[in-house]
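**Q** Below are the structure tokens for one structure; questions will follow.
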Amino acid sequence: MDLQEFRWLLTPEGQAVLAAATGSDLSEAGLLGTTTRLRAKYPAAPVAAAVTQARLRERARVKFGADADSMYFTQAGLEQSTRAGVAGHRARRFASYLGRRADERSPDVHPGGAEVLELGCGIGADLIARARAGATGEGVERDPLTAEVARANLAALGLDGLAAVRVGDALEADPAGHAAVFADPGRRTSRGRVFDPRSYEPPLDEVLALAVQAPAACVKVAPGIPYEALWEGGDGAPLTGAPVEAEWISEGGEVKEAALWLGGLAGDVRRRATLLAPDGSGATVATLTPEPGLGAPDVRPWGRYLYEPDGAVIRAHLVAEAAARVGGWLADPRIAYLTSDTLVSTPLAAAYEIEEVLPFSVKRLRAELRRRAPAVLTIKKRGSAVDVDRLRRDLGFGRRREGTGETVLVLTRTGSDPIALLASPAR
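Mapping the sequence shown onto the working numbering, position 307 (from 1) lands on 307, and the numbers just tick up by one.
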């Protein structure tokens, strides 16, 4: 879809064909028939754009809920856009900061202007969330089509009076006159995801150099960013030269992103793990920060229960804090599995009751699973090089099985010894 085709979609005729496509069979089996029927009434290129847009809306419901049915997307824009719940969580932090500044606004912030400058706004997901939270914004987007999509999304949701989008180079934007900056550098190319911060588009160091010119900023980064890339020596002086807090965010137990909070938006901690509800509301279920003076967890043999910390807790190097919450310890100092003899209900970790600890042996595991005959086998691993898919087949679980209950097989190690834990979800 090019810019001209997208603008046609916004016309009355375009809206009519988009509505027709939306109400049609868009499955792989029905797609050809739907496209053929629409092409009998409309030109081929606009029909392709409408059908693509309708299919993108279906996919976008996972991220945007009911809003997806009135929003517009590009393939790349949808893939990199922030989920509504995560964007809402972040927007509330911006709104809180801007509220604190309301009575002491600096003279360099123009009254009535956009409070937040967004560098690389994509299809506008964060602009939308901040506008709904009451923070006005201006987005800069290099790609004209993506910028047009962002404008259309603001208008479709009735927010175009609170946020605006212009085409431009993010690195040439001027933070002067804005209370804060938000940036979401591209982390995906035609070859796939980008993990090296220097290969972001724009590179992370250039984005940070621009962001710190504002009184406060937030820069979104990949959740797998190397911890050492954020601070010199792991937890020393911030590389930006300004106060910085790194926050890892998970939603429904899955790590979605990390964000660097700078200047006035940085809290009084270096690291934070935030766990959001799985329903997309952005509600905070739990947050974990470093506890001063807390040492590393003890290393002792396996207890009755296994705790698997949330990925955000692990990414934020807060396993010791999670261990303290459940009264747990480590079975191996290099593996982020906790264990305890006490069952504690916590959103910070999933809990499993350990039923047996075995040296890793496919033959022995196969015999044990044959005896147990579970209907469901869940395999987890940490610190193990075993190919899970191959192991599942070797154990005879490559197809649907008769049986009852669920067995959790955890592949890990203690010291240099590979082991297997047979467990069940703790209740």
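We put the beta carbon where it would ideally sit given N, CA and C, even for glycine. All of these numbers come straight from a predicted model, not from anything done at the bench.
To the nearest angstrom, how far is the alpha carbon of serine 250 from that of serine 81?
**A** Serine 250 and serine 81: Cα-Cα distance of roughly 15 Å.
**Q** Here's the rule: buried if 16 or more other CB atoms are within 10 angstroms of the residue's CB, otherwise exposed. What is serine 340?
**A** Label assigned to serine 340: buried.
**Q** Give the DSSP bridge partners of glycine 134, in chain order.
**A** Answer is none; glycine 134 lacks a bridge partner.
**Q** Specify, as a first and last residue, the run of the alpha helix (DSSP H) that arginine 304 falls within.
**A** Premise fails: arginine 304 is in no alpha helix (DSSP H) and is neither H nor E.
**Q** So, are the CB atoms of leucine 265 and tyrosine 97 less than 7 Å apart?
**A** Against a cut-off of 7 Å, the Cβ pair of tyrosine 97 and leucine 265 comes out as a contact.
**Q** By Cβ distance below 7 Å, which residues in the same chain neighbour tyrosine 42 in space, the five residues on each side in sequence not counted?
**A** Excluding positions up to five away in sequence, the list reads Val17.
**Q** Using beta-carbon positions only, say whether alanine 147 and valine 116 come within less than 7 Å of one another.
**A** Going by C-beta atoms, alanine 147 is not nearer than 7 Å to valine 116.
**Q** DSSP has valine 140 in a bridge; who is on the other side?
**A** According to DSSP, which records beta bridges pairwise, valine 140 is partnered with Leu119 and Arg166.
**Q** My understanding is that alanine 152 touches leucine 306, with C-beta atoms under 8 Å, so please give their C-beta distance in whole angstroms.
**A** Contact flag wrong, Cβ pair sits at about 49 Å.
**Q** By how many angstroms is the C-alpha of alanine 277 removed from the C-alpha of leucine 32?
**A** Distance between the alpha carbons of leucine 32 and alanine 277: 39 Å.
**Q** Report yes or no: do the segment 314-322 and the segment 124-140 share at least 3 C-beta pairs separated by less than 8 Å?
**A** At 8 Å Cβ cutoff, the stretches do not touch.
**Q** Mark lysine 63 as exposed unless 16 or more other C-beta atoms lie within 10 angstroms of its C-beta, in which case mark it buried.
**A** By the neighbour-count rule (16 or more Cβ atoms within 10 Å), lysine 63 is buried.
**Q** Mind checking whether the beta-carbon of glutamate 406 lies closer than 6 Å to any heavy atom of the ligand PLP?
**A** Summarising the ligand content, the structure contains no ligands, and the ligand PLP is consequently not present.
**Q** Where do the N-terminal and C-terminal ends of the alpha helix (DSSP H) with tyrosine 97 fall, by residue?
**A** 84-101 is the extent of the alpha helix (DSSP H) around tyrosine 97.
**Q** On the CB-based measure, 16 or more other CB atoms within 10 Å of its CB, does glycine 257 come out buried or exposed?
**A** Strictly speaking, residue 257 in this sequence is glutamate, with glycine absent from that position. Its Cβ being crowded by 16 or more others within 10 Å, glutamate 257 is buried.
**Q** Note the first and the last residue of the continuous alpha helix (DSSP H) segment covering isoleucine 457.
**A** Since the first residue of the chain shown is 1 and the last is 427, residue 457 is not available in this structure.
**Q** Distance check for valine 167 and aspartate 69, CA to CA, integer angstroms please.
**A** C-alpha separation (whole angstroms): 25 Å.
**Q** Can you tell me the Cα-Cα spacing of proline 301 and glutamate 308, whole angstroms?
**A** Going from the Cα of proline 301 to the Cα of glutamate 308 covers about 16 Å.
**Q** Exposed or buried, alanine 66, counting other C-beta atoms within 10 Å across all chains shown (16 or more means buried)?
**A** Classification for alanine 66: exposed.
**Q** Please classify serine 81: does DSSP put it in a helix, a strand, or coil?
**A** Note: serine 81 maps to coil in three-state DSSP.
**Q** Based on the DSSP secondary-structure assignment, which residues constitute the bridge partners of tyrosine 352?
**A** Paired residues: Leu306 and Pro425.
**Q** Relative to the alpha-carbon of threonine 412, which residue among Ala183, Val388 and Pro215 has its alpha-carbon at the smallest distance?
**A** Selected option, being the one with the closest Cα: Val388.
**Q** Quick one: residues in its chain with C-beta nearer than 8 Å to the C-beta of proline 12, no 5 flanking neighbours on either side, listed in chain order?
**A** Cβ within range, chain order: n/a, list empty.
**Q** My output table needs one value for aspartate 417: the three-state DSSP class, helix, strand or coil.
**A** In the structure shown, aspartate 417 sits in a strand (DSSP, three-state: E or B).
**Q** Assuming the contact rule is C-beta atoms closer than 8 Å, glutamate 406 and valine 357 should be a hit. Round their C-beta distance to whole Å, please.
**A** Contact flag wrong, Cβ pair sits at about 18 Å.
**Q** Would DSSP call proline 202 helix, strand or coil?
**A** Proline 202 falls in the coil class under three-state DSSP.
**Q** Rounded to whole angstroms, what is the Cα-Cα separation between glutamate 291 and arginine 427?
**A** Straight-line Cα distance between these residues: approximately 29 Å.
**Q** Can you grab the Cα-Cα spacing for the pair alanine 91 / glycine 158, in whole Å?
**A** In a straight line, the C-alpha of alanine 91 is about 17 Å away from that of glycine 158.
**Q** For glycine 295, which of helix, strand or coil comes out of DSSP?
**A** In the structure shown, glycine 295 sits in coil (DSSP, three-state: anything other than H, G, I, E or B).
**Q** Grouping DSSP H, G and I as helix and E and B as strand, with all else coil, what is glycine 264?
**A** In this structure, glycine 264 counts as coil in the three-state DSSP scheme.
**Q** Output the distance between the C-alpha atoms of alanine 349 and serine 281, rounded to the nearest integer angstrom.
**A** Each residue's Cα considered, the two are about 21 Å apart.
**Q** In angstroms with no decimal places, state the Cα-to-Cα distance between valine 255 and glutamate 355.
**A** Straight-line Cα distance between these residues: approximately 28 Å.
**Q** Please work out which residues of its chain come closer than 7 Å, Cβ to Cβ, to glutamate 368, disregarding the five sequence neighbours upstream and downstream, and give them in chain order.
**A** Excluding sequence neighbours, glutamate 368 sits near Leu422.
**Q** Return the CA-CA distance between glycine 252 and aspartate 310, expressed in angstroms with no decimal places.
**A** Going from the Cα of glycine 252 to the Cα of aspartate 310 covers about 10 Å.
**Q** Going by DSSP, which residues form a beta bridge with leucine 343?
**A** None, per the DSSP bridge assignment.
**Q** Rounded to a whole number of angstroms, what is the C-alpha to C-alpha distance between glycine 327 and leucine 275?
**A** Roughly 20 Å separates the two Cα atoms.
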